[in-house]
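Residue numbers (my numbering): 6 to 434.
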Amino acid sequence: MKKYVLKCLECGTEYQDDYLRLKCDAHHSPSLLRSIYSKKRIDLDWNKPGMFRFYDFLPVEQFLEVKGGPVTYRSEGLARHLGLENLYIIFNGYWPERNALMKTVSFKELEAPSVMARASNLDGGAIVVASAGNTGRAFAGICSRNNMPLVLVIPESSAAEIWSTEPFNEQKVKLFLASGNSDYYDAISLAEKITCMDGFFPEGGTANIARRDGMATTVLDAAYTMGRIPHHYFQAIGSGAGGIAAWEAFERLKEDRRFGNTLMKLHFSQNHPFVPMVEAWKQGLDHIPAMDENNAKDKINQISAKVLSNRKPPYSITGGVRQVLEESGGEMYSVTNQEVYSCVHLFQELEGVDICEAAGVAVGSLVQAVREKKVDNQDYIALNITGGGYNKLRKGHNLYYLSPCAKFTDREIASPDIMSKPEEVFTAV
Ligand SMILES: *Cc1c(COP(=O)(O)O)cnc(C)c1O
Ligand SMILES: [Zn+2]
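This is how it looks when you write it as structure tokens:
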């Protein structure tokens, strides 16, 4: 029996994985595919490295040598402060004292290994990844260490985010910049153009099952540590891939039956003033209204958690953010920079580790939920700290930066023909 199949959430068609498939072939409204694993019982394989202990629930047929995996522990400091009896923290980042060993310091280090392990079944060609920072750092690190070809496309303003604690393998990992006032969405547009050329494959973002199933390990890990399905799951979202993945993990835990039949309520948050999904949800819209580009970029410039800045998130797609929020009876929160800074500080004081701004957004949403009595004191709560430990990492490590191999102007990104670039740029890959 096959380990898994890919199932269309709109029409139910099932596909064998060809390691590239991102969507259904049938003509209907856009829909995510979901991996359906033939095994229902969730056992961990401690002989496999890092996150690959969840091997049975990753769409891969080999594993990579990685150290990082999600680490769930029961909070004391923050829990007491908020009056919560069963607050669990899913820590994704670098905190060796707790065995958290993600040296790219965010949960994107759960996406990259499973995406690349799935893609390693391909013959030749390079995967093209668009990123605002954390994703790019995670893919660059994983591909560099495992000698796998990668084209990374990021906005120029995020270039300083692509660092590693070891020198990069610049033969294999190529960095392309979208210049000027480009944002994450511009990087996505540029990446799409590159993947129109032979030998370049789109990674696919949220549509890639390996990306989501990699992040889904956070909730599997939380349930394993708690011995049950949590009542509530808190996470800051930009595209919502991790949020959707959390729901998919919940579906798998339900099928296992040993983790109870609690409905896991999703609590998602964004950073004010750039909160397109919060607004759409609160207004009961089934899609995100078209945004004025300059207005959106102006708001993105104001937020402290830059990783939460996707202008076209998978909100209305079947299986997307709106649907999982509906199915879980979920909530959305808007968290200001002021709240973010105070929560980052609070977390450092109470839990003893630095966290990134996006994780501060999630902590801020939990503070709001407690204040508004959206959670009970005894409820089992999983708080996803999606990134942290940068300051700890910096104490013992030097950072190396990836040098760009090409830069594209706004005009080149907008033009249908990016091949005006010298051909060596592409053949070098
Ligand atoms: C990407 C990212 C998020 C948002 O994740 P989604 O894919 O939108 O669910 C939150 N925090 C950090 C640190 C991230 O890197
Ligand atoms: Zn379909």
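Every residue gets a Cβ at the ideal spot worked out from N, C-alpha and C, and that includes glycine. If you're wondering where the values come from, they're calculated on a predicted model, not measured in any experiment.
| said: Shorter than 7 Å, the distance from the beta carbon of Ser-36 to the closest heavy atom of ligand 2, or not? | reply: Start at 1 with the first residue of the sequence shown, and residue 36 comes out as number 31. Yes.
| query | Going by alpha carbons, who is nearest to Arg-123 out of Gln-67, Asn-139, Ser-136, Ile-94? | reply | As a position in the sequence shown, residue 123 is number 118, starting the count at 1. Ranking Gln-67, Asn-139, Ser-136, Ile-94 by Cα distance to Arg-123 puts Gln-67 first.
| task | Can you say whether Ser-420 is buried or exposed, counting buried as having 16 or more other CB atoms within 10 angstroms of its CB? | result | For the purposes of this step, residue 420 is taken as residue 415 along the sequence shown, with counting starting at 1. Around the beta carbon of Ser-420, fewer than 16 other beta carbons sit within 10 angstroms, so the residue counts as exposed.
| task | Would you identify the three-state DSSP class for Cys-348, choosing helix, strand or coil? | result | For this step, residue 348 is matched to residue 343 along the sequence shown. Here Cys-348 sits in helix by DSSP.
| Cα separation between Met-337 and Gly-129? | As a working note, residue 337 is residue 332 in the sequence shown. As a working note, residue 129 is residue 124 in the sequence shown. Here the alpha carbons of Gly-129 and Met-337 stand approximately 42 Å from one another.
| field | Distance between Asp-359 and Asn-396 (C-alpha atoms, nearest Å) | value | Sequence index remark: in the sequence shown, residue 396 carries index 391 (1-based). Sequence index remark: in the sequence shown, residue 359 carries index 354 (1-based). When rounded, the distance between both Cα atoms is 6 Å.
| query | So is the beta-carbon of Phe-112 under 7 Å away from any non-hydrogen atom of ligand 4? | reply | Ligand 4 is absent from the structure shown, which contains only ligand 1 and ligand 2.
| said: Please list the terminal residues of the continuous alpha helix (DSSP H) segment that includes Pro-118. | reply: As a first step, residue 118 must be located in the sequence shown, where it is residue number 113. Element bounds for Pro-118: 113 to 124.
| query | Name the DSSP beta bridge partners of Trp-100, please? | reply | Sequence index remark: in the sequence shown, residue 100 carries index 95 (1-based). Trp-100 has Ala-105 as its beta-bridge partners, per DSSP.
| Taking 7 Å as the cut-off, does the CB of Val-283 come closer than this to any heavy atom belonging to ligand 1? | As a position in the sequence shown, residue 283 is number 278, starting the count at 1. Set against 7 Å, the gap from the CB of Val-283 to the closest heavy atom of ligand 1 is not smaller.
| message | Please tell me whether Asn-342 and Ser-314 are closer than 8 Å, where the distance is taken between their beta carbons. | response | Position 337 of the sequence shown holds residue 342. Position 309 of the sequence shown holds residue 314. No, they are not a contact pair.
| task | Locate the beta strand (DSSP E) running through Gln-275, then write down its first and last residues. | result | Along the sequence shown, one-based indexing puts residue 275 at 270. If you look at Gln-275, you'll find it in the beta strand (DSSP E) that goes 270 to 276.
| The alpha helix (DSSP H) spanning Asn-300 covers which residue range? | Reading the sequence shown from its first residue, position 295 is the one you call residue 300. Where Asn-300 is concerned, the enclosing alpha helix (DSSP H) stretches over 298 to 307.
| query | So what's Ala-387 in DSSP terms, helix, strand or just coil? | reply | The residue labelled residue 387 in the question sits at position 382 within the sequence shown. Ala-387 carries a strand assignment under DSSP once its states are collapsed to helix, strand and coil.
| said: I'd like to confirm something about Glu-15: is its beta-carbon nearer than 7 Å to some heavy atom of ligand 2, or not? | reply: Taking the sequence shown and counting its residues from 1, the one referred to as residue 15 is at position 10. In this structure, Glu-15 has its CB closer than 7 Å to one or more heavy atoms of ligand 2.
| What's the C-alpha gap between Asn-257 and Leu-268? | Counting from one through the sequence shown, the residue named residue 257 turns up at place 252. Counting from one through the sequence shown, the residue named residue 268 turns up at place 263. Note on identity: in this sequence residue 257 is Arg, with Asn being the wrong assignment. Here the alpha carbons of Leu-268 and Arg-257 stand approximately 12 Å from one another.
| Unbroken beta strand (DSSP E) run spanning Leu-180, endpoints | In the sequence shown, the residue the question calls residue 180 occupies position 175. It spans 178 to 183 - the beta strand (DSSP E) in which Leu-180 sits, taken as one unbroken run.
| By how many angstroms is the C-alpha of Gly-324 removed from the C-alpha of Ser-36? | Counting from 1 along the sequence shown, the entry for residue 36 is found at position 31. Counting from 1 along the sequence shown, the entry for residue 324 is found at position 319. Answer to the nearest angstrom: the Cα atoms are 6 Å apart.
| query | With which residues is Pro-294 paired in a DSSP beta bridge? | reply | Locating residue 294 in the sequence shown gives position 289, where the first residue counts as 1. Answer is none; Pro-294 lacks a bridge partner.
| said: If you reduce the DSSP assignment to three classes, tell me which class Pro-318 lands in. | reply: The residue labelled residue 318 in the question sits at position 313 within the sequence shown. In this structure, Pro-318 counts as coil in the three-state DSSP scheme.
| query | Are the beta-carbon atoms belonging to Val-156 and Ala-192 less than 8 Å from one another? | reply | To locate residue 156, count along the sequence shown from 1; it is residue 151. To locate residue 192, count along the sequence shown from 1; it is residue 187. No. Outside cutoff.
| query | Quick one: what's Phe-413 bridged to in DSSP? | reply | Taking the sequence shown and counting its residues from 1, the one referred to as residue 413 is at position 408. Bridge partners of Phe-413: Ala-183.
| Between Tyr-24 and Ala-105, what straight-line distance do the alpha-carbon atoms span, to the nearest angstrom? | As a working note, residue 24 is residue 19 in the sequence shown. As a working note, residue 105 is residue 100 in the sequence shown. Taking C-alpha positions only, Tyr-24 is separated from Ala-105 by approximately 29 Å.
| query | In whole angstroms, what separates the C-alpha of Pro-207 from that of Ala-364? | reply | Your numbering for residue 207 matches position 202 in the sequence shown. Your numbering for residue 364 matches position 359 in the sequence shown. So the alpha carbons of these two residues sit roughly 28 Å apart.
| task | Would you identify the three-state DSSP class for Thr-222, choosing helix, strand or coil? | result | As a working note, residue 222 is residue 217 in the sequence shown. Thr-222 falls in the helix class under three-state DSSP.
| said: Can you look up Asn-151 in the DSSP assignment and give me helix, strand or coil? | reply: Position 146 of the sequence shown holds residue 151. Helix.
| said: Taking 7 Å as the limit between beta carbons, can you name the residues of its chain near Ser-40, skipping five residues before and five after? | reply: For the purposes of this step, residue 40 is taken as the residue at position 35 of the sequence shown. Once the five neighbours on either side are set aside, the close Cβ partners of Ser-40 are Tyr-9, Leu-11, Pro-64, Ile-214, Asp-218.
| Under 8 Å between C-beta atoms, does Lys-12 make it to chain B? | Protein chains in the displayed structure number just one, and chain B is not present.
| message | Tell me which residues share the same chain as Ala-84 and place their Cβ nearer than 6 Å to its Cβ, disregarding the 5 neighbours each side in the sequence. | response | One-based indexing of the sequence shown puts residue 84 at position 79. Only Leu-92 meet the Cβ criterion.
| field | Backbone secondary structure at Thr-77 - three-state DSSP | value | Residue 77 sits at position 72 when you count from the first residue of the sequence shown. Strand at Thr-77.
| field | Three-way DSSP call (helix, strand, coil) for Arg-46 in this model | value | As a first step, residue 46 is located in the sequence shown; it is residue number 41 there, counting from the start. Residue state, collapsed to three classes: coil.
| request: May I ask which residues mark the beginning and end of the beta strand (DSSP E) holding Ala-5? | output: Within the shown structure, residues of the chain are numbered from 6 to 434, placing residue 5 beyond reach of any answer.
| said: Tell me the rounded alpha-carbon separation between Gly-289 and Leu-330. | reply: Counting from one through the sequence shown, the residue named residue 289 turns up at place 284. Counting from one through the sequence shown, the residue named residue 330 turns up at place 325. Cα to Cα, Gly-289 sits roughly 11 Å from Leu-330.
| request: Mind checking who Ala-363 pairs with in its DSSP beta bridge? | output: Counting from 1 along the sequence shown, the entry for residue 363 is found at position 358. As DSSP reads the structure, Ala-363 sits in no beta bridge.
| What number of angstroms, rounded off, separates the C-alpha of Pro-81 from the C-alpha of Ala-196? | Taking the sequence shown and counting its residues from 1, the one referred to as residue 81 is at position 76. Taking the sequence shown and counting its residues from 1, the one referred to as residue 196 is at position 191. Before going on, a small fix: residue 81 reads as Glu here, not Pro. Using only the alpha carbons, I get a separation of about 44 Å.
| field | Paired residues, beta bridge with Trp-168 - DSSP | value | For the purposes of this step, residue 168 is taken as the residue at position 163 of the sequence shown. Beta-bridge partners assigned by DSSP to Trp-168: Tyr-406.
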